[in-house]
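A.B. asks: Below: one structure in structure tokens.
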Amino acid sequence: MKKIKNNILSIVLWIVYGVLLIKQVVGHCINQQSILYFTVLYFGTVLIKYFQSKKLDWLMYGIFVIVLIVLLVFF
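Sequential numbering from 284 applies to the sequence shown in our numbering.
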């Protein structure tokens, strides 16, 4: 059951980032902001996998969601 929850959260995060990236591409602006999204997505995914292996995944999701909200608000 816990593994299913983790997978659903991962999928939701990927969908959110997908929407952000599509918004960037449709806006015809591949700039520092979209590079920042790619970077956060990549490192976020790596960190989530690492923390899942250490059983700290809920802490990591909390931090990741906060970072996502900060990106959405300030960029």
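Don't be surprised by glycine CBs; every beta carbon is placed ideally from N, CA and C.
1. Please classify Tyr344 as buried or exposed, where buried requires at least 16 neighbouring CB atoms within 10 angstroms.
2. Taking 8 Å as the cut-off, decide whether the C-beta atoms of Tyr320 and Leu303 are in contact.
3. For a quick check, are the C-beta atoms of Ile331 and Ser293 less than 8 Å apart?
4. If distances are taken between C-alpha atoms only, which option among Gly327, Lys306 and Ile318 comes closest to Leu351?
5. Give me the residue from Val323, Ser336 and Lys306 with the minimum Cα distance to Val353.
C.D. replies: Taking the geometry as given:
1. buried
2. yes
3. Yes, Cβ-Cβ distance for Ile331 and Ser293 is below 8 Å.
4. Gly327
5. Val323
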